[in-house]
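What follows is a single structure, written as C-alpha cells, with notes after it.
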Amino acid sequence: TLSASDLRDPEISSLIASKMREFHKLHMPGTKKAHIWQRMRKWVGEAKSLCSPKETKNFGLDNLDEEISILEKELSEGYQEIGFCHNDLQYGNIMMDEETRSITLIDYEYASYNPIAYDLANHFCEMAADYHSDTPHVLDYSKYPELEERQRFIRAYLGSEGKKPSNAKVNQLVIAVEKYTLANHLFWGLWGLISSYVNTIDFDYKEYARQRFQQYRLTKPTLLDSPSIVSQNETVNGSLPLASCV
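Quick note: the sequence shown uses our numbering, first residue 26, plus one each step.
As C-alpha cells, then:
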C-alpha cells in the first residue's frame with residue numbers, strides 16, 4: 026500500500042483521482058442516494074448509549090442530531106452528483122503496482138452511495154494523518170492540501186474521462202468538497218468515540234475523535250457562512266483552546 030507522503034506526489038495523486046472517478050461511476054446494488062446522514066444519526070445513538078453523561082456533554086453529543094440536520098440541509102441544496110463511494114480512502118487503502126503504475130482501492134467496509142464531494146473531502150482530510158508515526162492518532166491539519174493542490178486533484182478527477190473541465194466546474198466542486206469536510210469530521214469523530222469502547226487496537230480513539238470534532242467546530246463558521254474557497258490548514262491545530270471545542 027501507499028505511504029502518507031505518497032498522497033502528495035503529483036503523479037500518484039493524479040492516478041488516485043482517475044481511479045476515484047472510475048470507482049464513483051460503478052453501478053452497484055442499493056438506493057442511489059446519500060447514506061452518510063442516516064449512518065451518522067445511528068452512530069449518535071450508539072455513542073450516547075456508550076458514553077458517560079460527562080463524555081456526552083464534553084463531546085457535545087446532545088446537540089449532534091441538530092448539527093447533522095443543519096449540515097444535511099445546507100449541503101444538499103442544489104444539484105450534487107451521487108456516486109458509489111469508498112468513504113475511507115486513506116493511504117493504507119490504496120495500492121499501486123510499481124511497474125504498471127495502476128491503482129487498486131482496497132477495504133470496502135464503509136463503501137456506499139454518497140455525494141462524490143464527500144468521498145473527495147474524506148481523501149483530502151486523510152492527508153492530515155500518518156497512521157505509521159509514533160502518535161498515529163494525532164492529526165496535523167497543516168498538511169491538509171493547499172488550494173492549488175486541491176484544484177489539481179479535482180481537475181485530474183473531472184478530466185479523467187478525456188474532456189478538459191472548465192475552471193468554473195473545477196472550483197464549484199472544490200467548494201462543495203470543502204463543505205463536505207464538515208460531515209467527514211463528524212462521521213469519523215463519532216466513529217472514534219464508538220471505537221474507543223468496542224475496539225481493542227492500540228490507538229487513542231477518543232483523542233482522535235476530539236480532534237475531528239475540534240476541526241469541525243473550528244472550520245464550520247467559515248465553511249457554512251462563506252461561499253469562498255477556504256482551507257482547513259488556515260485553521261490548524263491549537264487555534265482554539267481545547268476546552269472550547271469539546
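Built from N, CA and C at the ideal position, the CB exists for glycine as well.
{"Asked": "CA nearest to the CA of A42, picked from G217, I119 and S77", "Found": "I119"}
{"Asked": "Neighbour-count burial assignment, H60, 16 or more Cβ in a 10 Å radius", "Found": "buried"}
{"Asked": "Rounded straight-line distance, which links the Cα of H210 to that of T244", "Found": "10 Å"}
{"Asked": "Whole-angstrom C-beta distance between G55 and S137, which should lie under 8 Å", "Found": "7 Å"}
{"Asked": "Runs of alpha helix (DSSP H) lying entirely within the segment 181 to 266, each at least 4 residues, in chain order", "Found": "192 to 223 and 230 to 250"}
{"Asked": "M45 classed as buried or exposed, judged by whether at least 16 other C-beta atoms fall within 10 angstroms", "Found": "buried"}
{"Asked": "Distance, D159 Cα to Y104 Cα", "Found": "42 Å"}
{"Asked": "C150, DSSP secondary structure in three states", "Found": "helix"}
{"Asked": "Inter-residue Cα distance where the pair is Y233 and G214", "Found": "7 Å"}
{"Asked": "Rounded distance between the beta-carbons of A181 and S39, thought under 8 Å", "Found": "4 Å"}
{"Asked": "Alpha-carbon to alpha-carbon, L249 and K98", "Found": "11 Å"}
{"Asked": "Opening and closing residue of the beta strand (DSSP E) in which G55 lies", "Found": "Looking at the DSSP string, G55 is not in any beta strand (DSSP E), and its letter there is neither H nor E."}
{"Asked": "Whole-angstrom C-beta distance between L198 and I179, which should lie under 8 Å", "Found": "5 Å"}
{"Asked": "Pairwise C-alpha distance: T81 and L183", "Found": "41 Å"}
{"Asked": "Assigned exposure category for I141 - 16 Cβ within 10 Å defines buried", "Found": "buried"}
{"Asked": "Residues near L100 by beta carbon distance below 7 Å, same chain, minus five either side", "Found": "K204, Y205 and A208"}
{"Asked": "Test: V199 CB closer than 8 Å to a CB of chain E", "Found": "Given the protein chain composition of this structure (a single chain), no chain E is represented."}
{"Asked": "Local Cβ density within 10 Å of V223, reported as buried at 16 or more and exposed below that", "Found": "exposed"}
{"Asked": "F48 beta carbon less than 8 Å from that of L130", "Found": "yes"}
{"Asked": "Residues that G108 bridges to, as DSSP identifies them", "Found": "N139"}
{"Asked": "Minimum C-alpha distance to K58 - residue among G108, N112 and G187", "Found": "G108"}
{"Asked": "Span of the alpha helix (DSSP H) around L40", "Found": "P35 to H49"}
{"Asked": "Enclosing alpha helix (DSSP H) for L96 [first to last residue]", "Found": "L89 to L100"}
{"Asked": "For Y143 and S74, the rounded distance between their alpha carbons", "Found": "27 Å"}
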